[in-house]
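Residue numbers (the working numbering), protein chains in the order written: chain A, 95 to 212; chain B, 18 to 127. Quick reminder that beta carbons are idealized off the backbone N, C-alpha and C, glycines included.
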């Protein structure tokens, strides 16, 4: 059974770079699309970006200028970097698996809370 | 402001039926599959419905999905207190060229 686990700092200073990694276990990262989604406290879901094992990517237009998503197939991991963060980037960050043919996200990590504060 | 519009909240009594609407446009719901997610308090979202009306293994048939034109609906019958959660719709948006979500609906089982 495929499981996802996010990891990374829970506190990031304003103007710095938020870096998170998602480790895929119980299956291979090849095939499917791998996604980062965030949820500000008390608010809804926002897609950040997704990547295929081949390296092809898709970014939320509103975040594209600050986001980099990458994949390391040898480690079965994919990563997110969000630069120039502000308090508005404070959120729970989820990694999830996307099934392209249905546009559904069928497996989610438990999420990791990231707070932007000095 | 979410691309897809959902009512902020709905409520119903245990055992009753409730529907949650998700309104979009010709650039998203009308021509693409809709999925629904259940987010229990303090947990990650869980896929409830995909391809408009299909249920993943393990999801009871009390949950159903439908789509008509630019709108979709999630139905839940035989409500249980354990169904209290936030529910989100999602689909692909052909104009934004990215997946999008609704703002979420909080279900209260009175």
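- Against chain A, the beta carbon of residue 64/B has neighbours under 7 Å at 198, 199 and 200, listed in chain order.
- One finds 188, 202, 203, 204 and 205 in chain A with Cβ atoms closer than 7 Å to the Cβ of residue 61/B, taken in chain order.
- Taking residue 155/A as reference, the option from 50/B, 110/B and 93/B with the minimal CA-CA separation is 110/B.
- Identification of chain B residues near residue 141/A by a Cβ-Cβ cut-off of 8 Å yields 115, 116, 117 and 118, ordered along the chain.
- Under the three-state reduction of DSSP, residue 140/A is assigned to strand.
- Using a Cβ-Cβ cut-off of 7 Å, residue 74/B does not count as an interface residue toward chain A, since no Cβ of chain A sits closer than that to its own.
- Comparing alpha carbon positions, the residue from 139/A, 122/A and 112/A closest to residue 171/A is 122/A.
- The criterion of a C-beta distance shorter than 7 Å is satisfied by residue 203/A and residue 98/A.
- The straight-line gap separating the alpha-carbon atoms of residue 33/B and residue 85/B is approximately 23 Å.
- Each of 174/A, 193/A, 143/A and 205/A was checked against the Cα of residue 124/A, and the nearest Cα belongs to 193/A.
- Residue 23/B places its beta carbon less than 7 Å from that of residue 122/B.
- The bridge partners DSSP lists for residue 116/B are 109/B.
- Judged by their CB atoms, residue 55/B and residue 89/B are not nearer to each other than the 7 Å cut-off.
- Between the alpha carbons of residue 149/A and residue 169/A lies a distance of about 14 Å.
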